[in-house]
Amino acid sequence: MNDIPIQPQPQPPRSDTGIQSFFLPPGTPGRPRIARAEGIWLEDTAGNRYLDASSGPVASNLGHGNPRVLAALEKQARAAAFAFPAQFESEANLELGERLARLCGPGLDRAFLVSGGSEATETVIKFCRQHAVVTGQGSRWKVLSREPGYHGNTLGALAVSGDAHAHEVFGPLLRAVDRVPAPFTYRLPANHTAESHARACAAALEEAIVREGPETVLAFIMEPVGGLATGALVAPDVYYRTVREICSRHGVLLIFDEVMSGAGRTGRFLAADHWPDARPDLVTLAKGVTAGYTPMGVMMAPAAMADTLARAGGFMQGFTYFANPLSCAVGCAVLAEMEERDLPGNAARMGERLRARLHGLRDRSPIVGDVRGLGLLMAMELVADKETKAMIPLERMAPYRLQQLGLQHGLALYCRRTNRGTYGDWVMVSPPLVVTADEVDMLADRLEAVIDAYVAELSADGVI
Ligand code: PMP
C-alpha cells in the first residue's frame with residue numbers, strides 16, 4: 001500500500017435486502033460492500049481499500065485474517081461446533097475461563113460467557129440481583145450509572161445507559177434509575193478544573209445513593225475508559241479511588257463495563273489495571289476477547305459470589321449460545337496471540353505515537369479541540385471555535401460527514417450515529433492492537449488529510 005489517499009471506485013447499486021435498509025433511506029448511497037479484509041485493511045467489491053482506524057466498533061483487536069484464530073475456529077468446528085452448557089462441558093470453555101481468570105486477576109475468578117456486550121450487561125445485573133436475593137439483601141435492586149454512558153442496546157442494558165435520545169424513544173419500556181454526571185475533562189462547568197469536577201461527579205454518586213436509600217442500591221456501573229458515548233473519556237485518578245470508597249461505604253457493588261476498554265486495548269489487559277486502588281467487584285468484557293471473529297460477551301465475577309448462587313440452586317441465566325464452543329475456541333486463540341505478542345504493550349507504545357500525532361493535529365487544526373484516551377482507545381473532539389469550544393452546527397452532522405470524507409480518503413472511521421448536540425462531537429481513533437509504527441503514521445497522515453478537507457469545506461461555507 002502506498003500512503004497516498006485513494007479515490008473510491010464506483011460502488012455497485014444499493015440493494016434493499018440487507019441490514020442497511022433499516023438505516024439508509026431508499027435512494028441514498030449505500031455503504032462500501034466488503035469483499036475481503038486482511039490485517040488492518042478492508043477492501044470493497046469495487047477494489048477500494050480502507051485502513052481500519054477504529055477496529056470496526058473497537059472490536060477487531062488482531063486485525064483480519066489471523067491464521068491462528070482461523071485455524072482454531074476450523075479445528076473446533078470440525079471437533080464439535082456446538083455443545084449446550086446445560087448438557088455438556090467443553091474443553092474450550094474451561095480453557096477460556098482459566099485464561100480470563102488469570103488475565104483479570106484475583107477477585108475476578110469466574111467467567112460467564114455470553115454472545116455480546118449487551119448480554120454481558122444483562123448478565124451482570126441479573127447476577128448481582130440474584131446474589132442480593134439469596135444473601136438476604138432483597139431490598140437492593142437499583143443500578144446507578146452515568147450520563148452519558150453506554151452499556152448496550154437490549155432493554156435492560158439501555159435502561160442503565162445514559163443516552164437521552166434512546167430514553168426519549170424507549171423510555172416507557174425502561175425501568176428508570178438514577179444517573180450521575182460523567183466526569184468530562186474538556187467541557188467543564190464554570191469555576192471547575194478537571195479534578196474538582198471529577199470530585200463533584202463522585203460526590204454526586206454518593207448523593208444519589210443516599211437519596212435513593214443505600215439499602216435499595218445494588219450496584220454502580222461505569223466505563224473506566226469511555227467509549228463512543230463520551231469519546232474515550234479518562235477521568236482524573238482521584239475519581240476512581242473516590243468512587244471505589246463510596247461504593248464500599250454503602251455496600252454497593254462496583255461494576256466496570258470493559259466491553260470496549262478491556263482485552264488489552266488501553267495498554268493493560270483491563271483498563272481497571274491502571275487504577276489498582278479502585279478494583280471493581282465485577283467486570284464485563286466482549287469485543288476484543290474474540291477480536292470480532294465470532295460473537296462473545298463475558299461477565300467476570302468473584303468465585304465466592306458464583307459459588308453462593310450455585311449452592312442456592314444456580315444462576316438463573318442462560319442462552320442457546322452461551323459458552324459457545326466456537327467462540328470459546330476463538331477467544332483462547334485471540335488471548336494466546338495477545339499474550340505472546342504482548343499486544344497490550346504494543347497498544348501502549350503505539351498509543352503514545354498516535355497521541356503525539358493527534359496532538360500535532362490539535363495544535364495546528366482549527367477544528368480539533370481535544371484529544372483524549374488511553375493506549376489505543378482514543379478520540380478526537382471537533383469544535384467550530386477552539387476558544388469558546390462552540391460545536392460545529394448540528395445541521396452539518398459533523399461526525400457523519402467526517403466518516404464520509406474518511407471513506408474518500410481510504411480511512412474507515414467510527415463516529416456517533418446521531419449528533420444531538422448535547423455533549424460534543426468526536427471521532428474514535430482506535431486501530432487494531434497489532435498496528436505497526438508505519439501504519440500509525442499512515443493512519444495519522446490520512447486523518448490529517450480528512451480533517452484538512454473538512455476544514456476547507458467548513459470555511460468555504462463560512463462556518464468557521
Ligand atoms: N458496553 C460498552 C461500553 C460498549 O461499547 C458496547 C458496544 N459498543 C456495549 C456495552 C454493547 O455491546 P454489544 O454491541 O456487543 O451488545
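Numbering (full-length UniProt numbering), first residue to last: 1 to 464. The C-beta atom is built at its ideal place from N, Cα and C for all residues, glycine as well. No experiment lies behind these values; they were computed from the predicted model shown.
Residue i, DSSP secondary structure in three states
i	result
N2	Because the pLDDT of N2 is 43, which lies under 50, any placement of that residue in the model is unreliable, and the question is left without a value.
K389	coil
residue 465	Nothing in the structure corresponds to residue 465, since the chain is present only between 1 and 464.
H64	strand
S145	strand
T381	With the sequence shown as reference, residue 381 is identified as Glu, and Thr is not the correct amino acid for it. It is a strand residue.
M316	coil
D425	strand
E89	coil
Y400	helix
A120	helix
M300	strand
L394	helix
R311	helix
Y240	helix
F23	coil
G105	coil
G406	helix
G292	coil
G39	strand
A412	strand
F127	helix
A111	strand
I464	coil
V450	helix
residue 471	The question about residue 471 has no answer here: the residues shown for the chain are numbered 1 through 464.
D16	coil
R33	coil
Proximity below 8 angstroms, CB of residue i to CB of residue j
i	j	result
G331	L96	yes
D425	I451	no
R99	L433	no
L253	A219	yes
A157	T121	yes
P57	D44	no
V217	R140	yes
S430	L343	no
Y293	V69	yes
A347	G297	no
residue 503	V283	In this structure the chain extends from 1 to 464, so residue 503 is not present and cannot be described.
G107	P295	no
V243	A203	no
M428	L228	yes
H131	D257	no
Q9	G39	no
V234	L374	yes
E223	S248	no
Y414	S54	yes
L51	L443	yes
V225	M350	no
I221	V143	yes
G30	R49	no
A437	R353	yes
A390	V134	no
Interface flag, residue i vs chain E, CB-CB below 8 angstroms
i	result
A79	In the structure shown, chain E does not exist; there is a single protein chain.
Note to self: Quick test of the definition: if touching needs 3 or more C-beta pairs under 8 angstroms, does the region 175-193 touch the region 139-151?
What the structure shows: Segments in contact, yes.
Notebook entry, point to check: Which residue spans inside the region 251-287 form an unbroken beta strand (DSSP E) run of at least 3?
Noted result: 253-257, 282-285
Next item on the list: Determine contact between the region 201-210 and the region 119-134, defined as no fewer than three beta-carbon pairs at a distance below 8 angstroms.
Entry: no
Checklist line | Touch test, the region 160-167 against the region 263-280, Cβ-Cβ under 8 angstroms, three pairs minimum | finding: no
Note to self: For the region 333-347 against the region 81-88, do three or more pairs of beta-carbon atoms, one drawn from each stretch, fall closer than 8 angstroms, so that the two count as touching?
What the structure shows: no
Notebook entry, point to check: If you pair each beta-carbon of the region 384-404 with each one of the region 362-373, do three or more pairs fall below 8 angstroms?
Noted result: yes
Item checked: Any 3 or more C-beta pairs closer than 8 angstroms across the region 399-411 and the region 319-328 -> no
Notebook entry, point to check: Would you call the region 393-401 and the region 20-36 touching, i.e. three or more CB-CB distances under 8 angstroms?
Noted result: no
Notebook entry, point to check: At which residue ranges does the region 157-193 contain complete beta strand (DSSP E) runs of 3 or more residues, listed in the order of the chain?
Noted result: Here the runs fully enclosed are 179-181.
Note to self: In chain order, what are the residue ranges of uninterrupted beta strand (DSSP E) at least 3 long that sit wholly in the region 317-383?
What the structure shows: 368-374, 377-382
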